[in-house]
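In what follows, a single structure is set out as C-alpha cells and then discussed.
Numbering (the working numbering), first residue to last: 2 to 281.
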C-alpha cells in the first residue's frame, strides 16, 4: 500500500555533487562570490552565495543576461566585456554582479564580476529526485503491486470486478537531504489505464485503482470465452498506474518531474462460457 512515510536520505556526492561556477574573487580583502546553477521543474535556475573572511558583510545582486538559455557568442553589455567562452563546453547563461558592503559602498569587481554558468555546472535536482522516486517504486511498491479480480476467473456475460493491490489513492511524502538541501518528495496516483485483454480497455483517474472486496468503478463484461477446445488460454489483464512526482527545495514552490512514473501489474484471466442444458 502507498503509505505516508518520512525518510532521510543523503544522495551520494560521487554522482550528484554540484560543480559550482568558478569562484569570483572580488576586492583585496578576500571577499569571494560563487555563482552556480541548478535544474528544477524542467527549467534552469541560478543561485549565488557570497562571504567575506574579513568579516565585512557583502550583498550581491545577480544580473542575468536573457539569452533564451543558450549563449553562442561573446558580447558587451553596459560597457562590460565577458571573458572568452570555453569552446569545449555549453554555456547556459552569463552573469554580472553588483556587490556592495552593508554601508552601500560598491565592491570593485572589475572583469572578475563577469562569468558564465556552463551546462556541466548545473545541478540537476529533477534527475536526483526522479532517481529517489524510481528507487521507491522499484524497492517498495513494485514487489507488491498486483491485479485482483472478483470472481477469480471470468464467465462470459457476467460483470467482473477489478482492482490494483499494493497501491492506494493516498499520496506518499518523503523527506530527503539532497546535496545539503531539504527536499520533500510527493508521489500520488494520477491515472489508471486498464487493458482487459480482449481488445478493450478503459482509463480512469485515481479511482481506477478499484476497491478490494466491493463493487469499485472498474468493471467489465467479457463477450467471448478465452479458452478454446483443449487449451487453457487466458486473457492478459493489465493495469498501468501513472504516479505524479513533484518536490520542493528548501520549502520552495512545487516542482514537477516529467515524465511521471508508471507502475504496471498484469495477470492471466481465464474466462469461460456456460450453457444451459435442458433435460426432458
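All C-beta atoms, glycine included, are put in the ideal place defined by N, C-alpha and C.
Paired residues, beta bridge with residue i - DSSP
| i | result |
| --- | --- |
| residue 190 | 244 |
| residue 58 | In DSSP, residue 58 forms no bridge with anything. |
| residue 256 | 248 |
| residue 135 | In the DSSP output, where bridge partners are listed per residue, residue 135 has none listed. |
| residue 83 | Answer is none; residue 83 lacks a bridge partner. |
| residue 161 | 221 |
| residue 267 | 239 |
Contact belief for residue i with residue j at Cβ below 8 angstroms, rounded distance in angstroms
| i | j | result |
| --- | --- | --- |
| residue 159 | residue 222 | 7 angstroms |
| residue 101 | residue 119 | The pair is not a contact, with the Cβ atoms about 27 angstroms apart (cut-off 8 angstroms). |
| residue 162 | residue 220 | 6 angstroms |
Cα-Cα separation, residue i to residue j
| i | j | result |
| --- | --- | --- |
| residue 250 | residue 183 | 6 angstroms |
| residue 227 | residue 38 | 57 angstroms |
| residue 243 | residue 225 | 29 angstroms |
| residue 263 | residue 191 | 10 angstroms |
| residue 95 | residue 109 | 19 angstroms |
| residue 40 | residue 140 | 26 angstroms |
| residue 36 | residue 47 | 7 angstroms |
| residue 142 | residue 123 | 31 angstroms |
| residue 205 | residue 107 | 60 angstroms |
| residue 88 | residue 45 | 21 angstroms |
Distance cut-off 6 angstroms: residue i Cβ against heavy atoms of the ligand COA
| i | result |
| --- | --- |
| residue 48 | This structure does not include the ligand COA; it has no bound ligands of any sort. |
Check whether residue i and residue j have beta carbons under 7 angstroms apart
| i | j | result |
| --- | --- | --- |
| residue 127 | residue 246 | no |
| residue 267 | residue 239 | yes |
| residue 210 | residue 193 | yes |
| residue 147 | residue 174 | no |
| residue 58 | residue 103 | yes |
Chain-order list of residues whose beta-carbon lies under 6 angstroms from that of residue i (same chain, five-residue window excluded)
| i | result |
| --- | --- |
| residue 114 | 97, 98 |
| residue 271 | 154, 227, 235 |
Own chain partners of residue i with C-beta closer than 8 angstroms, once the 5 adjacent residues on each side are dropped
| i | result |
| --- | --- |
| residue 134 | 186, 188, 244, 246, 258, 262 |
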